[in-house]
Amino acid sequence: MKAAPFEYVRPSSLAEACAILASDEDARPIAGGQTLVPMMAMRLARPGKLVDISRLPELDGIKRDDDALSIGAAVRQAVAERSSEVARHLPLLSAALPWVGHQPTRNRGTLGGSVANADPAAEIPLVLVTLGGAVRAAGPGAEREIPAREFFEGLMATALEEGEIVSSLSFPIWGEDRVGVGFHEISARKSDFAYVSAAAQVALDEQGKCTRCVIGLGAVVPSPVYLAAASEAVASGVGVDDVRGVLEAEFSSLDIMTDSHATAAYRRRAALALTSRALDDALSQAGEA
Amino acid sequence: MEIKLKINGVERAIECDARTTLLDCLRDNFDLNGAHIGCEHGICGACTVLVDGEPSRACLMFAPQAEGYSITTIEGVTPAPGELSVIQDAFCEVHGMQCGYCTPGMILTAHALLASNPEPSREDIVEAISGNICRCTGYGQIIEAIALAAERLQGSNAPLAAGQGENAR
Numbered sequence: 001m002k003a004a005p006f007e008y009v010r011p012s013s014l015a016e017a018c019a020i021l022a023s024d025e026d027a028r029p030i031a032g033g034q035t036l037v038p039m040m041a042m043r044l045a046r047p048g049k050l051v052d053i054s055r056l057p058e059l060d061g062i063k064r065d066d067d068a069l070s071i072g073a074a075v076r077q078a079v080a081e082r083s084s085e086v087a088r089h090l091p092l093l094s095a096a097l098p099w100v101g102h103q104p105t106r107n108r109g110t111l112g113g114s115v116a117n118a119d120p121a122a123e124i125p126l127v128l129v130t131l132g133g134a135v136r137a138a139g140p141g142a143e144r145e146i147p148a149r150e151f152f153e154g155l156m157a158t159a160l161e162e163g164e165i166v167s168s169l170s171f172p173i174w175g176e177d178r179v180g181v182g183f184h185e186i187s188a189r190k191s192d193f194a195y196v197s198a199a200a201q202v203a204l205d206e207q208g209k210c211t212r213c214v215i216g217l218g219a220v221v222p223s224p225v226y227l228a229a230a231s232e233a234v235a236s237g238v239g240v241d242d243v244r245g246v247l248e249a250e251f252s253s254l255d256i257m258t259d260s261h262a263t264a265a266y267r268r269r270a271a272l273a274l275t276s277r278a279l280d281d282a283l284s285q286a287g288e289a
Numbered sequence: 290m291e292i293k294l295k296i297n298g299v300e301r302a303i304e305c306d307a308r309t310t311l312l313d314c315l316r317d318n319f320d321l322n323g324a325h326i327g328c329e330h331g332i333c334g335a336c337t338v339l340v341d342g343e344p345s346r347a348c349l350m351f352a353p354q355a356e357g358y359s360i361t362t363i364e365g366v367t368p369a370p371g372e373l374s375v376i377q378d379a380f381c382e383v384h385g386m387q388c389g390y391c392t393p394g395m396i397l398t399a400h401a402l403l404a405s406n407p408e409p410s411r412e413d414i415v416e417a418i419s420g421n422i423c424r425c426t427g428y429g430q431i432i433e434a435i436a437l438a439a440e441r442l443q444g445s446n447a448p449l450a451a452g453q454g455e456n457a458r
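Chains as they are written, first to last, in the working numbering: chain A, 1 to 289; chain B, 290 to 458.
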C-alpha cells in the first residue's frame, strides 16, 4: 500500500500549473487527494509527476456571479459546507455536502476534485447536473465553460481535454422566494459510496403552485442524470403521486447498472423511492418557506 | 526532497521521498507513533491527525502536501509531559477503549469537535466519530467519554489542551 515514486511540484500560478501539465503527459494534478492518494497507494494510478494545485489563488474563493455562485475548484468541501453564501444561495448543495465522504475527507477533499474525478456515486456532480450548472476548465488554451449536463461522459470520464483542469464550478442561484430542496441516498454504511442518490429542488408561487422543478439521480448509470420529463411534469402541475408514472417511464430509458453492491432491479426500485422522497421534501420545504 | 513540517508547534525539516505519506513520515522520521497505521486508504481513521485543527487522514496526504500547515498528533494534545488532556482523561475514566488502536484518532477527532462545538448532542458526537472505525467497543463508551469530556470542559476554566495551542479553533 505504498505509492510508486513520483516527482512533486507546487507551482505558484494556474498558468504555470497548466504549462507543466501540458508539457508532461505523465503529470497529474492533485488537490485534496482523497481519491487519488488511495488509488496511488493501491497502484491503480501511477503518475510520474504530481502537480499540487491545492493552494493556487486562482482556484480559491466562493463568489456571487450574477445569477450563479461560482466556487473555486480547490475550495475544500468542508469550507463550502460551512459557507453562509452556499447555505443562503445553494440549499441543494448544502443538503448534499454532509453526504460526501465523512468529515475528515471533506476537510481535505475539494469540489473541483470531486467533479474532475466523476465517480458515478459522487454527490457534488449530481447537484451540479441537477441544477444545470457549468464547469469552467483552464488549460493550454483559453478558459472555457462546459455545461454540467454535457461534462460527465461516463464512468470517471469527462469532457476535459488533455492538459485541462477544472478551475471553478458555476451553480445557478434561484431567485424565487419559496424554494425547497430534498436530497436522499442509500449506501451500505454512513459515508460509503451511494447505491442510489436523488436530488430535487422546486420553487412555488404565492398560491403554492409549482413553477420550477429539477430532479436528478446519481449512481444508477455511469454519470448523474437530470430527469427532464419528471421535472417538467412537476413544474407543470403534476402531483407527487402522479409523477411516479413519469419517473418509471423515464427510468426505463436508462441502462441501469448492476454491480457487486446492487442489481439494476434494486436500483430502479430505490431510485423511485428516493426521487419521490426528495421531491416530497422539496415541496414541503418550499411550502413552509 | 527536503520538506519542512510544523508538527505539534515545532518546525522541523526532513529529507524524504515525495511519495512518503504524512503518516509514514510522522512515524519513521519523527518517532511519533501515536498515529496508527490501519487500512492505508482512508477508510478506518486510525491515522487521524489534525491539519490546522481539522481532523484529516495522515495516510491520504503525501508529506510534501503537509508543508505550511500546522500538524497536531496525539503526542501534541497533552498539557505537559506525563499529563493527559481533559479528553484523554475522560477516555481513561469511562474506559472509552479496548485494544486502543483507534483511540488516538478518536481523541483527536473529539478535540476538533469540542473546539468548534463545546456542547455537542449525542448525534453530533456520533456524526463526528463516524469516520473512525472501532472494532472492539461498539462505540458506547467512546461516545460516553466524549460527552463526559464536553461536560468537564464546559465547567472548567482550563483551555482545551495547552499543547494544542494555536490549533484550537
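Glycine included, C-beta positions come from ideal geometry on N, C-alpha and C.
| Asked | Found |
| --- | --- |
| Per-residue contacts from B/Arg346 into chain A (C-beta, under 8 Å) | Gln34, Pro104, Thr105 and Arg108 |
| is_contact[A/Val37, chain B] using C-beta, thresh 8 Å | yes |
| N- and C-terminal bounds of the alpha helix (DSSP H) containing A/Cys18 | Leu14 to Ser23 |
| Distance between A/Thr263 and B/Ala457 (C-alpha atoms, nearest Å) | Since pLDDT at B/Ala457 reaches only 40, below the 50 mark, its modelled position is unreliable, and the value read off the structure follows with that caveat. One C-alpha to the other measures close to 46 Å. |
| Buried versus exposed call for A/Ala270 [16 or more other C-beta atoms within 10 Å across all chains shown] | buried |
| Residues sharing a beta bridge with A/Pro172, DSSP | A/Ala68 |
| Among A/Leu90, A/Phe183 and A/Arg55, the one whose alpha carbon lies nearest that of A/Leu69 | A/Leu90 |
| CB contact check: B/Gly327 to chain A, cutoff 8 Å | no |
| From B/Ser359, B/Leu442, B/Arg316 and B/Arg301, residue whose alpha carbon lies closest to that of B/Pro409 | B/Leu442 |
| Neighbour-count burial assignment, A/Ala286, 16 or more Cβ in a 10 Å radius | buried |
| Pairwise C-alpha distance: B/Gly385 and A/Glu150 | 50 Å |
| Residues bridged to A/Tyr8 [DSSP beta-bridge criterion] | A/Leu50 |
| Through-space distance from A/Ala17 to B/Ile296, alpha-carbon basis | 28 Å |
| Beta carbon proximity, A/Ala41 to chain B, threshold 8 Å | yes |
| Backbone secondary structure at A/Ala73 - three-state DSSP | coil |
| Cβ of A/Ser191 within 8 Å of any chain B Cβ | yes |
| Residue of B/Cys423, B/Ala324 and B/Tyr428 minimising C-alpha distance to B/Arg411 | B/Tyr428 |
| Beta-carbon neighbours of B/Leu315, restricted to chain A and to distances below 9 Å | In chain order: nothing, as chain A lies at least about 15 Å away. |
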